[in-house]
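Colleague: Numbering follows this note's numbering, with no gaps: position 63 of the sequence shown is 50. Built from N, CA and C at the ideal position, the CB exists for glycine as well. One structure follows; several queries about it will come next.
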Amino acid sequence: MNSRKSKKVRKGRGGKIFAILLFIVIFFALIIFGVVMIGRQVISSQTDNIVAQLLPNSGNGTDGVSQIMTATPSAIATKLNENADVIKSQSQGMISSAKATSTDSKVTYTLESSKLNKATVGALLLASGDQVEEVADKVLDSMKKAGVAQPKLQVDLTDDNGNVIKTLNYSA
C-alpha cells in the first residue's frame, strides 16, 4: 500500500502565471510613472521659457526668474502669433497649427492637431495640468497689470477638421 506521505501534491500553474503577470503589470506601471514624472519635471523647468514666448517684454529679473510684465490681450495674441512656428516645433509634431485672437479682455488661442483626441488630451492634462494653469495664471496676471478688467484666456484644442476636442477657460 502506498502511504499518503509519499504522494506528491501537484500545485497548479495558475498561481505562478498570475504572479508573473502581476510582476509585469507592476513593472510597466513603474516605468510609466517614471516617464510621467520626468515629463512633469521638464515642463516645470520650461515654464519660464513658455511664458517668455507668450508675453511681450518679459525678461529676467535680478533673481533670474522671469518677471511678469504688463501686456494687453492684443499684445499677447500678437506675440503668440509671432511665435507660432516656435511653439509648433517645440510640440514635437503634436501641434500642426496655432492661432491667437483677442478682444478687449480675452485671448483665444486655437491649437490644431491631427494627433490629439479626447483620451490623449485628458492624459496630457492629467499629467501636466497644474503647469498649464501656472502659465495661464501668469498670462492673466500680465493682463491684470495692464489694466484689463476681468481678463480671460481660452485655449481651444481642435482636430485637423476644426472640431473642438477640449476648451480650457481661465479667468482672473
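Going by the beta-carbon positions, is the gap between alanine 64 and serine 89 smaller than 8 Å?
Modeller: For the pair alanine 64 and serine 89, the CB atoms are nearer than the 8 Å cut-off.
Colleague: Are the CB atoms of leucine 144 and leucine 169 within a distance shorter than 8 Å?
Modeller: The displayed coordinates of the chain run from -12 to 159. Any statement about residue 169 would go beyond what the structure contains.
Colleague: Can you pull the DSSP bridge partners for glutamate 99?
Modeller: Ser84, Thr145
Colleague: From Asn156, Ser92, Pro138, pick the residue whose C-alpha is nearest to that of glutamate 120; which is it?
Modeller: Asn156
Colleague: For leucine 155, write down the residues that DSSP places opposite it in a beta bridge.
Modeller: Val142
Colleague: Does the structure place the segment 137 to 153 close enough to the segment 91 to 107 that three or more beta carbon pairs sit under 8 Å?
Modeller: yes
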